[in-house]
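Position 154 of the first sequence, counted from 1, bears residue number 154 in this note's numbering, the numbering being contiguous throughout.
Even glycine gets a Cβ: it sits at the ideal position worked out from N, Cα and C.
Heads up: the structure comes next, in structure tokens.
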Amino acid sequence: MPRFYLTTAIDYANGDPHIGHALEKIGADVIARYRRLRGDDVHLLMGMDEHGQKVQQTAAQQGVAPQVFTDEIAARFLSMWARLGVEYDQFIRTTDAHHKAGVQALIRRIAERNPDDFYERSYRGMYCVGCEAFKQDADIADGRCVHHPTRTLEEVEERNWFFRLSRYQPFLQQLLADNPSFIEPESRRNEILGLLAQGLEDISASRSRLDWAVPFPLALSTGETQGTYVWFDALPNYLTATGFPDEGYETRWPADLHVIGKDITRFHVVIWPAMLHAAGLPLPRQVWAHGFVQLGGERFSKSAGVKLDLGEAIDRFGADAFRYVLLREVPYDGDGNFSWERFEERYTSDLANAFGNLASRAMAMVEKYCEAVVPIAAAPEVEAEDDADVLAYHVAMDGARGWLLHDGLSAVARMTARANEYTQAMAPWQLAKDPARRADLEQCLASLIRRLARQAVLLAPFMPNKAQALWEQLGGTGAVAAQRFDALSALEPAGWTVHKGDGLFPRPAPTEPKA
RNA sequence: GGCAGGGUAGCUCAGCUGGUCAGAGCGCACGACUCAUAAUCGUGAGGUCACGGGUUCGAUCCCCGUCCCUGCUACCA
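Next comes the structure, spelled out in structure tokens:
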């Protein structure tokens with residue numbers, strides 16, 4: 001059974017989950033469920049990044065210990081993933097003891113194999129006492145920190161451990177030349193190529209004044225022990241989650257896919273492979289950078305007040321509908337827009353009117369004309385037209401040409417539309433009036449149920465609960481998630497007893513309040 | 001500033017190497033039907049293909065310029 005190890009970015013424990021987090025996790029969950037339907041042995045890793053100065057400061061402001069603070073944040077994220085139906089196989093937190101030990105083991109391993117890769121150097125920067133952090137140009141205005149304009153910035157110099165990233169520039173360029181699909185979509189690869197062409201600088205591996213961190217396993221020549229800086233703490237989570245450095249981690253590592261946001265491609269495509277190569281460890285097979293959700297045409301941002309409450313979005317039509325609309329509206333390879341208006345339009349046209357109503361009318365007729373038992377009948381020729389869409393679905397979903405989840409949904413939507421057209425053309429309610437056309441009627445209804453069953457399987461990664469509900473209404477036994485794509489064409493519902501229940505996707509109330 | 005990608009029907013977007021390339025979905029209007037969640041099916045809607053030049057027998061798709069938008073331009077996670 002092929003293994004498939006995929007990961008999402010670990011989220012920083014300094015705020016609540018928002019729609020941006022949701023897009024990434026839902027997408028990864030869909031990919032994981034899709035691979036399971038292919039029969040793969042899937043392992044989906046998610047987690048939280050809990051170290052760093054911001055966490056330390058925020059916790060201090062609230063008067064609680066950092067660990068207590070991150071425990072609360074982590075609980076909120078976990079609760080949200082449960083509400084969204086995101087099912088991970090493993091949830092790692094960078095404050096886990098094993099992770100911390102793994103980070104230190106990785107650093108030591110690099111130091112042993114490439115002693116020159118870590119070296120001491122002084123780091124100079126403008127330090128803001130208010131923020132307790134070094135500030136970059138973007139955060140400096142008129143020589144003062146934008147957050148603490150009453151204080152003066154101090155030019156501070158400290159000795160740190162540095163990682164000789166610059167040394168790996170040729171290696172990385174060769175990597176992207178030999179393996180172009182290492183980072184997709186292409187636009188993101190081009191950005192990295194541009195970055196590499198500029199030349200790489202070495203990066204900090206440790207920092208002083210960083211107490212809430214994994215202790216850097218090497219002491220400076222002064223004897224001081226510093227905290228491990230973010231790169232060497234966060235990125236290795238994908239590796240330490242496999243058990244590294246303990247025996248057996250190789251059975252899972254390397255990861256098949258890192259699903260991340262486009263804002264952190266650099267870290268995953270430059271720093272991370274360099275670290276692994278320095279340690280003599282295999283590289284992940286691919287990094288996929290998804291885009292961002294824009295709200296009403298504006299970029300999501302807490303500061304700008306442009307936001308959308310996830311809980312409200314889920315309550316609107318349910319988690320499954322939200323998952324569907326989000327991935328249908330936002331292309332997984334780029335940015336997309338999301339708004340309440342759009343949400344309702346999509347829900348109504350795609351789910352309530354097209355798909356939900358198709359299921360409703362088909363099952364109603366089987367109950368009415370066939371005593372609820374799906375007739376035995378050969379498939380009509382037009383049914384074969386679905387094959388092209390099933391193929392398109394897999395092309396979009398299997399990753400060979402990127403992870404274009406929105407295209408997968410488009411393909412299923414075409415199948416739904418075709419089934420509605422077919423129903424209209426055959427007019428089974430007319431056939432039912434003529435006993436001589438009984439065979440045609442049965443063939444039509446059997447075809448509709450068969451197509452619905454297939455669509456339920458294809459939609460299962462996106463809407464696991466609704467797909468299961470439909471599966472059961474159609475008379476299918478067991479879990480729709482237990483189906484396998486390679487058996488889809490042979491799926492035969494003849495003899496099933498349908499139980500048309502409540503509508504899968506009820507139309508929204510006429511006077512639905514907007515937001 | 002530099003690099004990269006864009007500006008196509010009300011909205012979201014397809015249009016690969018130039019000549020049925022002026023399209024799809026949604027919304028909207030009209031018609032059909034009645035199995036169904038007032039759902040479905042059919043038809044239609046006439047958008048200077050950002051703007052100005054150029055190459056060509058012919059350009060939305062090629063070249064130049066202009067305007068506008070987005071991303072990247074490393075120690076924020």
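**Residues near A432 by beta carbon distance below 6 Å, same chain, minus five either side** = Y369 and L441
**Request:** With DSSP collapsed to three states, give me the class of T477.
**Result:** When secondary structure is reduced to three states using DSSP, T477 falls in the coil class, being assigned neither helix nor strand.
**Message:** Are there any heavy atoms of the ligand FMN lying less than 7 Å away from the beta-carbon of D233, as far as the coordinates show?
**Reply:** Of ligands this structure carries none, so the ligand FMN is not represented either.
**Asked** Can you pull the DSSP bridge partners for V259?
**Response** T8 and W288
**Request:** Could you spell out where the alpha helix (DSSP H) holding L459 opens and where it closes?
**Result:** R438 to L459
**Item:** Nearest-angstrom Cβ-Cβ length linking E155 and R124, presumed shorter than 8 Å
**Value:** 7 Å
**Request:** Starting from the C-beta of F91, find all residues in its chain whose C-beta is less than 6 Å away, skip the five residues before and the five after it, and write them out in chain order.
**Result:** M46 and G47
**Request:** Helix, strand or coil for I333, going by three-state DSSP, please let me know.
**Result:** In the sequence as presented, Ile is not what sits at residue 333; that position holds Asp. The answer is coil: DSSP assigns D333 none of H, G, I, E or B.
**Prompt:** Do three or more CB pairs link the region 329 to 337 to the region 287 to 294 at distances below 8 Å?
**Reply:** yes
**Item:** Which of helix, strand or coil DSSP assigns to A509
**Value:** coil
**Message:** Mapping the DSSP letters down to three states, classify H43 as helix, strand or coil.
**Reply:** strand
**Request:** Measure from the alpha carbon of G227 to the alpha carbon of each residue in R252, G52 and R418, then state which is nearest.
**Result:** G52
**Asked** Going by beta carbon distance, what residues of the same chain come within less than 6 Å of P506, once the five residues before and after it are set aside?
**Response** none
**Asked** Among F163, P217 and L295, which one has its Cα closest to the Cα of H277?
**Response** F163
**Prompt:** Would the region 20 to 39 and the region 51 to 66 be scored as touching if the rule is three or more Cβ pairs under 8 Å?
**Reply:** no
**Asked** According to the neighbour-count rule (16 or more other Cβ atoms, all chains shown, within 10 Å of its Cβ), is H258 buried or exposed?
**Response** buried
**Prompt:** Where does Q174 land, buried or exposed, given buried means 16+ other C-beta within 10 angstroms?
**Reply:** The residue is exposed, with fewer than 16 neighbouring Cβ atoms inside 10 Å.
**Prompt:** For the alpha helix (DSSP H) that E186 lies in, which residues bound it at each end?
**Reply:** Segment E186 to Q198, the alpha helix (DSSP H) holding E186.
**Request:** Check V395 in the structure and name its three-state DSSP category.
**Result:** helix
**Message:** According to DSSP, is W161 part of a helix, a strand, or is it coil?
**Reply:** strand
**Request:** Look up T228 in the DSSP assignment and give the residues it is bridged to.
**Result:** S206
**Distance, M397 Cα to W81 Cα** = 22 Å
**Item:** Contact set for V480: own chain, Cβ-Cβ below 7 Å, skip 5 residues either direction
**Value:** A456, V457, A460, A467, Q468 and W471
**Message:** With the cut-off set at 8 Å, would you say P284 and P254 are in Cβ contact?
**Reply:** Yes, the Cβ-Cβ distance between P284 and P254 is below 8 Å.
**Message:** For L295, report the span of its beta strand (DSSP E) as first-last.
**Reply:** V293 to L295
**Prompt:** Are I264 and A9 closer than 8 Å when you measure CB to CB?
**Reply:** yes
**Message:** For R93, report the span of its beta strand (DSSP E) as first-last.
**Reply:** Q90 to R93
**Request:** Using only alpha-carbon positions, find the residue among L84, P273, N237 and F134 that is nearest to P170.
**Result:** Ranking the options by Cα distance to P170, first place goes to P273.
**Message:** For a test of the three-state rule: what should DSSP assign to F244, helix, strand or coil?
**Reply:** coil
**Prompt:** Helix or strand or just coil, what does DSSP make of K302?
**Reply:** Below a pLDDT of 50, predicted positions are generally treated as unreliable, and K302, at 48, falls in that range; the measurement from the model is reported next regardless. Looking at K302 - three-state DSSP - the assignment turns out to be coil, as it is neither helix nor strand.
**Request:** Could you say which of D117, V214 and A446 lies nearest to A97 if we only look at CA atoms?
**Result:** Ranking D117, V214 and A446 by CA distance to the CA of A97 puts V214 first.
**Prompt:** Secondary structure at F343, three-state DSSP: helix, strand or coil?
**Reply:** helix
**Request:** With distances taken Cα to Cα, identify the nearest neighbour of R207 among F134, I449 and P493.
**Result:** F134
**Message:** Pull the bridge partners of P375 from the DSSP assignment, please.
**Reply:** In the DSSP output, where bridge partners are listed per residue, P375 has none listed.
**Between the CA atoms of I73 and D350 - distance to the nearest angstrom** = 35 Å
**Item:** Span of the alpha helix (DSSP H), counted from its first residue to its last, around D407
**Value:** L405 to M426
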